[in-house]
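Here the protein sequences line up with chains Y and C, keeping their order. FYI, the working numbering numbers position 67 of the first sequence as 71, with every residue one higher than the one before it. FYI, the working numbering numbers position 31 of the second sequence as 993, with every residue one higher than the one before it.
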Amino acid sequence: MQQTRAVEFGTGLFVFLGIVALFFLTTRVTNFDSYEGEEGYTLTARFDNVGSLKLRAPVAMSGVKIGRVTSVVFDDEMLEAVVEMRIDSSYDKIPNDSDASILTQGILGGQYIGLEPGGSMDFFKDQDEIQFTQSALVLEKLISKYLFSQADKPEE
Amino acid sequence: MTRILRDVWYSLQEWLQTFGACQLFLIRILAGCPAAFLRPRLIIKQVHDSGVLSLAIIGISGFFVGMVLSLQAYNSLTRFGATESIGVLAALALTRELGPVVTALLFAGRAGTALASEIGLMRATDQLSGMEMMAVDPVRRVVVPRFIGGVIAMPLLAAIFSAMGLFGAWLEGVVLLNVDEGAFWQQMQDQVDVFDDVLAGILKSFAFGVAASLLAVFEGYNSIPTAEGVSRATTRTVVLTALSVLVLNFMLTAVLIGEV
């Protein structure tokens, strides 16, 4: 009898440990919280070029994360990329003339959307569109621009 | 020349036969599964034998695998000044690959061999025939609880392995090598996905659990009833489990990556 109890106790402890490990893996290690998107509102923005912006990339304001990108699609009528983002509902006083640009975290980091506050007294609401946007900087384009500007220079 | 061809043909035939017998055995086990849950005591005993008794080896191995991952990554990433990424690297490597695969290999060595030799000895000492004599189906009474126990234990062991590995990576990276702790966790949370990484890893470990437990009970059940036969069954269990886990790992990874 004593031994059965020890076996049952050990098994219970083992299963409990396993579940704790799973819980740790899902909550502490992953971006699990970004999936519960009930509390928040959605904004859209149109970009000429989104670079390598990925789903669930952060949306930041003054460097603080305030939301996540929820979809990146190409609109084949306007020929632009449409980015939808979910902003945390606690940030509901963002001026509606703020502008969005696609920036890069560090040298090797991923891309994120940075919002710069505007001066309007009205705030963004659910399903609003961000009017002022700035595309991602694509390295090849920058280099070619630079090279062409060098070539166009009149020789002295 | 024809002799070689004939030998190859025969061994191929034998291999296919074993493979088919294994599938049929799996179907027999699955048919016995619902009834086995009516006697949870037997399953608890087996979860204890395959899971709890493997806990020490899994935990310690995971811990040191995490430590060495962190150390190696630190050494390589210092050159790019990206040492904070060791958190992401360790987390992805552990949850996606090392957790399920290394756990399955250790599981085969620790629990698979125990299962195979236990059932093999039962066969050798005519305990299984005795049960048949008493109209007790040995597959239902002996094999099914062991199979279910292994299948339940394996994903939990893999999760514990990954968690211990991350603890090791954290200890080595943050505490010993002074990598910034905030960046370590932040980058990990930004780049590890619940479904694509963690869930895929658990899915894999579940599949490996089925493969490892099935091979162990199959080899034990079909062992030749002699001392040599039992030892051969044990060896074959480890060899076949290692091979099938590694092959299965590649196929599952290809499917999971193709899907997402």
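Glycine included, C-beta positions come from ideal geometry on N, C-alpha and C. Every value quoted in this text rests on a predicted model; they were computed, and no experiment measured them.
Residue i classed as buried or exposed, judged by whether at least 16 other C-beta atoms fall within 10 angstroms
i, result
"T936 (chain C)", "A query on residue 936 (chain C) cannot be resolved here, the shown segment of chain C reaching from 963 to 1222 and no further."
"E925 (chain C)", "Nothing about residue 925 (chain C) can be read from this structure; chain C reaches only from 963 to 1222."
"V164 (chain Y)", "With chain Y represented from 5 up to 160, any question about residue 164 (chain Y) goes unanswered, as that position is not in the structure."
"Y972 (chain C)", "exposed"
"V970 (chain C)", "exposed"
"T1197 (chain C)", "exposed"
"T8 (chain Y)", "exposed"
"V1098 (chain C)", "exposed"
"L17 (chain Y)", "exposed"
"V1222 (chain C)", "Confidence at V1222 (chain C) is low in this model, with a pLDDT of 49, below 50, so the placement of that residue should be treated as unreliable; the coordinate-derived value is given next. Per the 10 Å Cβ criterion, exposed."
"E1046 (chain C)", "buried"
"Y162 (chain Y)", "As shown, chain Y starts at 5 and ends at 160. That puts residue 162 (chain Y) outside it, with no answer to give."
"M1095 (chain C)", "exposed"
"P1117 (chain C)", "buried"
Range of the contiguous alpha helix (DSSP H) that encloses residue i
i, result
"V1179 (chain C)", "1162-1183"
"S1079 (chain C)", "1075-1086"
"Q1153 (chain C)", "1143-1153"
"E976 (chain C)", "964-998"
"E144 (chain Y)", "143-156"
"G114 (chain Y)", "Looking at the DSSP string, G114 (chain Y) is not in any alpha helix (DSSP H), and its letter there is neither H nor E."
"M89 (chain Y)", "Where M89 (chain Y) is concerned, there is no enclosing alpha helix (DSSP H), although the beta strand (DSSP E) it sits in stretches over 84-92."
"D1011 (chain C)", "1002-1012"
"T31 (chain Y)", "T31 (chain Y) -> no alpha helix (DSSP H), and no H or E assigned at all."
"V1063 (chain C)", "1061-1069"
"N1037 (chain C)", "1017-1039"
"M1093 (chain C)", "1089-1095"
Residue i: first and last residue of the uninterrupted beta strand (DSSP E) it sits in
i, result
"T108 (chain Y)", "103-108"
"S56 (chain Y)", "That residue, S56 (chain Y), is in no beta strand (DSSP E); it is neither H nor E in DSSP."
"A1120 (chain C)", "Premise fails: A1120 (chain C) lies in the alpha helix (DSSP H), 1106-1132, not in any beta strand (DSSP E)."
"E133 (chain Y)", "132-134"
"T74 (chain Y)", "68-79"
"P62 (chain Y)", "62-65"
Below-8 Å beta-carbon distance, residue i vs any chain Y residue
i, result
"S1032 (chain C)", "no"
"D1088 (chain C)", "no"
"M1213 (chain C)", "no"
"L1118 (chain C)", "yes"
"Y972 (chain C)", "no"
"S1124 (chain C)", "yes"
"Q1151 (chain C)", "yes"
"T1057 (chain C)", "yes"
"L1128 (chain C)", "yes"
"D1099 (chain C)", "no"
"A1053 (chain C)", "yes"
"A1204 (chain C)", "no"
"I1219 (chain C)", "no"
"A1121 (chain C)", "yes"
Of the residues the options, the one placed nearest residue i, counting alpha carbons only
i, options, result
"G1043 (chain C)", "C:S1167, C:V1141, C:V1030", "C:V1141"
"V1200 (chain C)", "C:V1113, C:D1011, C:L1139, C:A1070", "C:A1070"
"V1209 (chain C)", "C:A1169, C:A1195, C:F999", "C:A1169"
"Y1183 (chain C)", "C:W1132, C:L967, C:L1090", "C:L1090"
"F1026 (chain C)", "C:V1179, C:A1125, C:Q1153, C:S1193", "C:A1125"
"F1123 (chain C)", "Y:A85, Y:V24, Y:I106, Y:I70", "Y:V24"
"S75 (chain Y)", "Y:I147, Y:V54, Y:M125", "Y:V54"
"G1082 (chain C)", "C:L1067, C:P1100, C:L1068", "C:P1100"
"V1192 (chain C)", "C:L1077, C:D1159, C:V1154, C:T1040", "C:L1077"
"S94 (chain Y)", "Y:T34, Y:G14, Y:K69", "Y:K69"
Residue-level contact to chain C via CB, residue i, 8 Å cutoff
i, result
"V87 (chain Y)", "no"
"E120 (chain Y)", "no"
"G67 (chain Y)", "no"
"V108 (chain Y)", "Checking the displayed sequence, the identity of residue 108 (chain Y) turns out to be Thr instead of Val. Not closer than 8 Å to any Cβ of chain C, the Cβ of T108 (chain Y) fails to qualify, so no."
"T161 (chain Y)", "In the structure as shown, chain Y begins at 5 and stops at 160. Residue 161 (chain Y) is therefore absent and cannot be evaluated."
- Query: What are the residues of the region 1008-1032 of chain C that lie near chain Y, defined by any Cβ-Cβ distance shorter than 7 Å?
  - Reply: Among the residues of the region 1008-1032 of chain C, those with a Cβ less than 7 Å away from any Cβ of chain Y are V1009, H1010, G1013, V1014, L1017, in the order of the chain.
- With 7 Å as the C-beta to C-beta threshold (strictly closer), list the residues of the region 20-32 of chain Y near chain C in chain order. Residues of the region 20-32 of chain Y whose Cβ lies closer than 7 Å to any Cβ of chain C, in chain order: L21, G22, A25, L26, F28, L29, T30.
- What residues in the region 7-20 of chain Y have a beta carbon less than 7 Å from any beta carbon of chain C? For chain C, the residues of the region 7-20 of chain Y that bring a beta carbon within less than 7 Å of one of its beta carbons are V11, E12, G14, T15, F18, V19, in chain order.
- With 8 Å as the limit, tell me which residues of the region 1135-1167 of chain C have their beta carbon closer than that to any beta carbon of chain Y; keep them in chain order. For the region 1135-1167 of chain C, which is checked against every Cβ of chain Y, the residues closer than 8 Å are W1147, M1150, Q1151, D1152, Q1153, V1154, D1155, V1156, D1159, V1160, I1164.
- Item | Under 7 Å (Cβ pairs) to chain Y, residues found in the region 976-1006 of chain C | Cβ contacts with chain Y come from I1006.
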